[in-house]
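See below for the structure under consideration.
In the numbering used here, the protein residues as written are 34 to 387.
The structure is reproduced here in structure tokens:
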């Protein structure tokens, strides 16, 4: 049997087919190795002055294109050989499936978070940075699902029942995974409403720190002690969030208490001098400055100090606040006034017995 098969393939007519097939494979291998390499090298040199969007497209397409050329060469080589009709039909299905897989691979690589959209398109569409990784994951999942469905249809498998089963299974899974769905919808709320972005300093009743990553399930926040805190999105979506990064200015607010020995004239002069000092201070926002004799306390006369710093950086804010406090102390000392201390007056009544 083997002897007959060898004689069949080594016959005069079939020998030409084998040589032609080998020649096709060698030719496409050379094209894949040298021609494609030269073309991509030239394209990289041509796009070297542009932004990194086009080089990423090239990097995403180079490997799939090389594999595509090799698959086409093997397919054409096999078509030259005198194979049976059934083998030809199977080879055609394999070729189509391979092309679908290669195309899906190229799109999958192109849909990475780094190359999903260029910088210009991001700015034009106002796409938030935190949305890019999530869009990439969704797009990659859709690509994989479509490739599986198309390849299955190519081989005659009915995927309608499978998809219907996924729908029923998904319903059961949704009922059993309410927490996961709550986190998913919490993540969508965060993405759509944009209460914060990656790199923002936020504070909630349960956590405070810098946002590092936002995923479907949770948000990673690095605290000031450098510990990474994983917070479920459902928790963040239901809590009040203070975004310190988005502050345009930072508030200074407290009461300055003077003793009851302060006269009305001294109080008026002190208030004017503090107000003037804040107006002249280069690091204090000029639009909102309030310095007033606000109330009579139990043991002090209360002056309200209310203003904003130009900086929102915590360390710089503390320096400005310290400077303001020192200047207020200087004014109080210069006027010979005294700050009030908590005090209590006791009256003792003596009564004679008898």
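Glycine is no exception: its CB is placed at the ideal position from the N, C-alpha and C atoms.
For clarity, every value in this text was computed on a predicted model and none was experimentally measured.
Identified DSSP bridge partners for residue i
i: residue 97; result: Note: residue 97 sits in no beta bridge, so no partner.
i: residue 290; result: 335
i: residue 236; result: 241, 275
i: residue 107; result: In DSSP, residue 107 forms no bridge with anything.
i: residue 325; result: 337
Residue i - containing alpha helix (DSSP H), residue span
i: residue 130; result: 118-143
i: residue 268; result: 266-270
For residue i, the three-state DSSP class (helix, strand or coil)
i: residue 343; result: coil
i: residue 333; result: coil
i: residue 299; result: helix
i: residue 310; result: helix
i: residue 262; result: strand
i: residue 181; result: helix
i: residue 320; result: coil
i: residue 229; result: coil
i: residue 250; result: coil
i: residue 257; result: coil
i: residue 372; result: strand
Distance between residue j and residue i (C-alpha atoms, nearest Å)
i: residue 331; j: residue 252; result: 48 angstroms
i: residue 367; j: residue 246; result: 53 angstroms
i: residue 370; j: residue 313; result: 22 angstroms
i: residue 241; j: residue 254; result: 8 angstroms
i: residue 308; j: residue 324; result: 6 angstroms
i: residue 103; j: residue 218; result: 45 angstroms
i: residue 187; j: residue 122; result: 12 angstroms
i: residue 294; j: residue 364; result: 16 angstroms
i: residue 112; j: residue 215; result: 55 angstroms
i: residue 228; j: residue 346; result: 19 angstroms
i: residue 100; j: residue 135; result: 7 angstroms
i: residue 175; j: residue 316; result: 53 angstroms
i: residue 259; j: residue 230; result: 19 angstroms
i: residue 261; j: residue 108; result: 52 angstroms
i: residue 51; j: residue 143; result: 38 angstroms
i: residue 56; j: residue 140; result: 31 angstroms
i: residue 372; j: residue 362; result: 9 angstroms
i: residue 53; j: residue 61; result: 12 angstroms
i: residue 341; j: residue 354; result: 10 angstroms
i: residue 110; j: residue 58; result: 6 angstroms
i: residue 285; j: residue 359; result: 14 angstroms
i: residue 63; j: residue 72; result: 13 angstroms
i: residue 97; j: residue 138; result: 7 angstroms
i: residue 182; j: residue 172; result: 15 angstroms
i: residue 320; j: residue 170; result: 46 angstroms
Opening and closing residue of the beta strand (DSSP E) in which residue i lies
i: residue 188; result: Where residue 188 is concerned, there is no enclosing beta strand (DSSP E), given that its DSSP letter is neither H nor E.
(request) For the stretch 128-145 and the stretch 70-80, state whether three or more C-beta atom pairs, one from each stretch, are separated by less than 8 angstroms. (result) no
(request) Check whether the stretch 232-245 touches the stretch 260-279, counting contact only when three or more Cβ pairs, one atom from each stretch, lie closer than 8 angstroms. (result) yes
(message) Would you call the stretch 107-118 in contact with the stretch 65-74, where contact means no fewer than 3 C-beta pairs closer than 8 angstroms?
(response) no
(request) Inspect the CB distances between the stretch 218-229 and the stretch 258-271 and report whether three or more fall short of 8 angstroms. (result) yes
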